[in-house]
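A.B. asks: Sharing a structure below in structure tokens format, with a few things to ask.
Number of protein chains: 2
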Amino acid sequence: MPKVTEEHRKGRRREILGAALRCFARKGFHATSMSDIIAESGLSAGAIYGHYASKDDLIRGVAADVFSPVLSELRSAPALPEQPVHPVDFATRLLEGLVAAVGNTAILVQVWGEAAVDASVRELFDTVYAQVLELNRQHVSNWLSATARMPVEAIEEQSLQLARLLTGLAQGGIVQTAFVDGFDVRGYLQAARPLFD
Amino acid sequence: MPKVTEEHRKGRRREILGAALRCFARKGFHATSMSDIIAESGLSAGAIYGHYASKDDLIRGVAADVFSPVLSELRSAPALPEQPVHPVDFATRLLEGLVAAVGNTAILVQVWGEAAVDASVRELFDTVYAQVLELNRQHVSNWLSATARMPVEAIEEQSLQLARLLTGLAQGGIVQTAFVDGFDVRGYLQAARPLFD
DNA sequence: GTCTATATCCAGATAGAC
DNA sequence: GTCTATCTGGATATAGAC
């Protein structure tokens, strides 16, 4: 199989996934029909089913697609002990990057809802959550190590607690970005700065 | 119309709503069929449709039902300037009360997802959000007024920012309660205490 | 108000030509 | 790979007896 074909295939899949995402974002998973997605994509039923086996398959694809920007952000944000970044700045970068990448935060909230009932979406959530929490923990730990005079065990414990807080703050930021017009993520997070100083 | 009848009617509606809620919590809105709800309720199709006009009607009913504990909590938690409560303690009470009342936080996340695409559920969300934010703001403001030496305008501004933070923290707490086994809401929020001291 | 039985429709999914 | 045309099942919702 020639190279072009393979790339075309991937492109088609992205096209279809994009159409599905727009429909889901607009009407939600249960109110969106395959016909909606077919119409939105400008393709035909056959074309869709040639790439995705079912509606559930599309939902999972979209869910994965929505989570992937988070993971990319994470990968581009290693926690370096040598150059500690203020945890709030880190979280701001992560959250702003995510919002920019996903564009539509409403779909993110919907995917959370799906994660609550679908095992495979749940797995995606768990993976991302674990990584976010761990990276937050590392950043907090690095920061406290560099700036606070505390015994190592205290830092360990504090870091985990503060990482959970930071993670929750980010999640709440996503909810408010989705539902509050003109919500200012940056200002929102800045208010948490004193926690780490 | 005699009194008993009216009460019976209400009871039946609650029964049906309870069955619907259990189904939705288990399988989600789109994977739950009316047959599922009918079976879960132990009643018949006719009985259900005698009380709720459609599946969407049930979804909205469940959404309202899920939000109502939040509102009850709010009503039972007035913000008194004379006896300021530490904002974290207030938020803890609110969140623990909510978690206890709803029982199933997974359904809450799903309702958020629905709010992202259904106007009438969205309205419910907006109402609750506005009230939570305002009550948080009042509590923070009272607390800062009593404990911090700041000019009034600074308190006003700080209060709103911190209220948004507290609200986001609560939302993140709901997400983590829904998805993290054995998540300790109380400990989670306590870590935010320094923000107000 | 509730039941059983059933109508109706449209969803998701496929077949086969090109 | 994609299209058109179509199947099939199950979903929502109703009718009419009790």
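So the sequences go chain by chain: L and B. Counting the first sequence from 1 gives a position; the working numbering is that position plus 1. Counting the second sequence from 1 gives a position; the working numbering is that position plus 1. Even for Gly, the Cβ is constructed at its ideal location relative to N, Cα and C.
Where do the N-terminal and C-terminal ends of the alpha helix (DSSP H) with P88(L) fall, by residue?
C.D. replies: In the first sequence, counting from the first residue as 1, residue 88(L) sits at position 87. P88(L) -> alpha helix (DSSP H) spans P88 to V103.
A.B. asks: Taking C-alpha atoms, which residue in L167(B), G51(B) and S142(B) lies nearest to R10(B)?
C.D. replies: The sequence position of residue 10(B) within the second sequence is 9, counting from 1. Closest by alpha carbon: G51(B).
A.B. asks: Compare the C-beta of F47(L) with all C-beta atoms of chain B and state if any pair is closer than 8 Å.
C.D. replies: By 1-based counting over the first sequence, the position of residue 47(L) is 46. Correcting the residue identity first, residue 47(L) is Gly in this sequence and not Phe. For G47(L), the answer is no, since every Cβ of chain B falls outside 8 Å of its Cβ.
A.B. asks: If we ignore side chains and look at the alpha-carbon of each, how far apart do W113(L) and G114(B) end up?
C.D. replies: Reading the first sequence from its first residue, position 112 is the one you call residue 113(L). Reading the second sequence from its first residue, position 113 is the one you call residue 114(B). Spanning the two alpha carbons is a distance of roughly 7 Å.
A.B. asks: Between the C-alpha atoms of A21(L) and F180(L), what's the straight-line distance to the nearest angstrom?
C.D. replies: Taking the first residue of the first sequence as position 1, residue 21(L) is located at position 20. Taking the first residue of the first sequence as position 1, residue 180(L) is located at position 179. Approximately 22 Å between the Cα atoms of the pair.
A.B. asks: Please confirm if E97(L) has its CB atom under 8 Å from at least one CB of chain B.
C.D. replies: Here residue 97(L) is taken as the residue at index 96 of the first sequence, counted from 1. No - not a single Cβ of chain B is within 8 Å of the one on E97(L).
A.B. asks: Note down, in chain order, all residues in the region 111-126 of chain L with a beta-carbon under 9 Å from any beta-carbon belonging to chain B.
C.D. replies: For the region 111-126 of chain L, the set of positions with a beta-carbon nearer than 9 Å to some beta-carbon of chain B reads Q111, V112, W113, G114, E115, A116, A117, V118, D119, R123 and F126 in chain order.
A.B. asks: For a contact meaning CB atoms closer than 7 Å, what does R61(L) contact in chain B?
C.D. replies: As a working note, residue 61(L) is residue 60 in the first sequence. Under the 7 Å cutoff, chain B gives no residues; its nearest Cβ is about 13 Å from R61(L).
A.B. asks: Skipping 5 residues on each side, what residues in its chain have a beta carbon closer than 7 Å to that of E16(B)?
C.D. replies: Residue mapping note: residue 16(B) aligns to position 15 of the second sequence, counting from 1. Excluding sequence neighbours, E16(B) sits near S42.
A.B. asks: Under 8 Å by Cβ, that's how I've got V122(L) and R61(L) pegged, so tell me the actual separation to the nearest angstrom.
C.D. replies: Here residue 122(L) refers to the residue found at position 121 of the first sequence. Here residue 61(L) refers to the residue found at position 60 of the first sequence. Right, their Cβ atoms sit about 6 Å apart.
A.B. asks: With DSSP collapsed to three states, give me the class of G188(B).
C.D. replies: Position 187 of the second sequence, counted from the start, is the residue given in the question as residue 188(B). DSSP places G188(B) in helix when its eight states are reduced to three.
A.B. asks: What are the residues of the region 147-168 of chain B that lie near chain L, defined by any Cβ-Cβ distance shorter than 7 Å?
C.D. replies: Q162, L163, R165, L166 and T168
A.B. asks: Applying the 10 Å Cβ sphere with the 16-neighbour rule, what's the burial state of E74(B)?
C.D. replies: Position 73 of the second sequence, counted from the first residue, corresponds to residue 74(B). With 16 or more neighbouring CB atoms inside 10 Å of its own CB, E74(B) falls in the buried class.
A.B. asks: Please tell me whether V86(L) has its Cβ less than 8 Å away from any Cβ of chain B.
C.D. replies: For this step, residue 86(L) is matched to residue 85 along the first sequence. For V86(L), the answer is no, since every Cβ of chain B falls outside 8 Å of its Cβ.
A.B. asks: Does I19(B) have its Cβ less than 8 Å from a Cβ in chain L?
C.D. replies: Taking the second sequence and counting its residues from 1, the one referred to as residue 19(B) is at position 18. The question names Ile, but residue 19(B) is Gly in the sequence shown. So no, G19(B) is outside the interface.
A.B. asks: Would you say F68(L) faces chain B, with C-beta separation under 8 Å as the test?
C.D. replies: Residue numbering aside, residue 68(L) sits at position 67 when the first sequence is read from its first letter. Not closer than 8 Å to any Cβ of chain B, the Cβ of F68(L) fails to qualify, so no.
A.B. asks: Can you tell me where the alpha helix (DSSP H) with M151(L) in it begins and where it stops?
C.D. replies: Position 150 of the first sequence, counting from 1, holds the residue named residue 151(L). Taken as a continuous stretch (DSSP letters only), M151(L) belongs to no alpha helix (DSSP H), as it is neither H nor E.
A.B. asks: Could you check if D119(B) is buried or exposed, using at least 16 other CB atoms within 10 Å of its CB as the buried criterion?
C.D. replies: Walking along the second sequence from the start, residue 119(B) turns up at place 118. That one is buried.
A.B. asks: Determine the direct distance from the alpha carbon of P79(B) to that of A193(L), and round the result to whole angstroms.
C.D. replies: Counted from its first residue, the first sequence places residue 193(L) at position 192. Counted from its first residue, the second sequence places residue 79(B) at position 78. If you take the alpha carbons of A193(L) and P79(B), they lie about 25 Å apart.
A.B. asks: Can you list, in chain order, the residues of its chain whose CB lies under 7 Å from that of G174(L), leaving out five sequence neighbours each side?
C.D. replies: Residue numbering aside, residue 174(L) sits at position 173 when the first sequence is read from its first letter. Same-chain partners within the cutoff: L96, V186, Y189 and L190.
A.B. asks: Going straight from the alpha carbon of V86(L) to that of A101(L), what length do you get?
C.D. replies: Translated into the one-based positions of the first sequence, residue 86(L) becomes position 85. Translated into the one-based positions of the first sequence, residue 101(L) becomes position 100. So the two alpha carbons sit approximately 21 Å from each other.
A.B. asks: Starting from E83(B), trace the alpha helix (DSSP H) both ways and give me its first and last residue.
C.D. replies: One-based indexing of the second sequence puts residue 83(B) at position 82. Neither: E83(B) is in no alpha helix (DSSP H) and is coded neither H nor E.
A.B. asks: Go to G62(L), then tell me how far its alpha helix (DSSP H) extends in each direction, as first and last residue.
C.D. replies: Translated into positions along the first sequence, residue 62(L) becomes position 61. Counting along the chain, the unbroken alpha helix (DSSP H) around G62(L) starts and ends at K56 to R76.
A.B. asks: Taking all protein chains shown into account, do 16 or more other C-beta atoms lie within 10 angstroms of the C-beta of M2(L), making it buried, or fewer, making it exposed?
C.D. replies: Counting from 1 along the first sequence, the entry for residue 2(L) is found at position 1. For M2(L), the pLDDT reaches just 44, beneath the cut-off of 50, and the residue's location in the model is therefore unreliable, although a value from the coordinates is still provided. Within a 10 Å sphere around the beta-carbon of M2(L) sit fewer than 16 other beta-carbons, which makes this residue exposed.
A.B. asks: Comparing alpha-carbon positions, which option in T178(L), F197(L), F25(L) and D37(L) lies nearest R138(L)?
C.D. replies: To locate residue 138(L), count along the first sequence from 1; it is residue 137. That would be F197(L), whose Cα lies nearest to the Cα of R138(L).
A.B. asks: I'd like to know whether the C-beta atoms of L161(B) and L170(L) end up nearer to each other than 8 Å.
C.D. replies: Numbered from 1 along the second sequence, position 160 holds the residue referred to as residue 161(B). Numbered from 1 along the first sequence, position 169 holds the residue referred to as residue 170(L). In this structure, L170(L) does not lie closer than 8 Å to L161(B) by Cβ.
A.B. asks: Buried or exposed: P77(L), going by 16 or more other Cβ atoms within 10 Å of its Cβ?
C.D. replies: Taking the first sequence and counting its residues from 1, the one referred to as residue 77(L) is at position 76. Going by the sequence as given, residue 77(L) is Ser instead of Pro. It counts as exposed.
A.B. asks: Can you grab the Cα-Cα spacing for the pair R14(L) / Q111(L), in whole Å?
C.D. replies: Along the first sequence, read from residue 1 onward, the residue named residue 14(L) stands at position 13. Along the first sequence, read from residue 1 onward, the residue named residue 111(L) stands at position 110. Those two C-alpha atoms are separated by around 21 Å.
A.B. asks: Compare the C-alpha of T168(L) against each of V129(L), T6(L), Y53(L) and S146(L) and name the closest.
C.D. replies: Position 167 of the first sequence, counting from 1, holds the residue named residue 168(L). The candidate whose alpha carbon is nearest that of T168(L) is V129(L).
A.B. asks: To the nearest whole angstrom, what separates the beta carbons of F68(L) and L18(L), a pair I think is in contact under 8 Å?
C.D. replies: Residue 68(L) sits at position 67 when you count from the first residue of the first sequence. Residue 18(L) sits at position 17 when you count from the first residue of the first sequence. That belief does not hold up - the Cβ atoms of F68(L) and L18(L) are roughly 13 Å apart, past 8 Å.
A.B. asks: Does the CB of A193(L) have a neighbour CB from chain B at under 8 Å?
C.D. replies: Walking along the first sequence from the start, residue 193(L) turns up at place 192. Yes, because at least one Cβ of chain B sits closer than 8 Å to the Cβ of A193(L).
A.B. asks: Rounding to the nearest angstrom, what Cα-Cα distance links L59(B) and A32(L) in this structure?
C.D. replies: For the purposes of this step, residue 59(B) is taken as the residue at position 58 of the second sequence. For the purposes of this step, residue 32(L) is taken as the residue at position 31 of the first sequence. When rounded, the distance between both Cα atoms is 15 Å.
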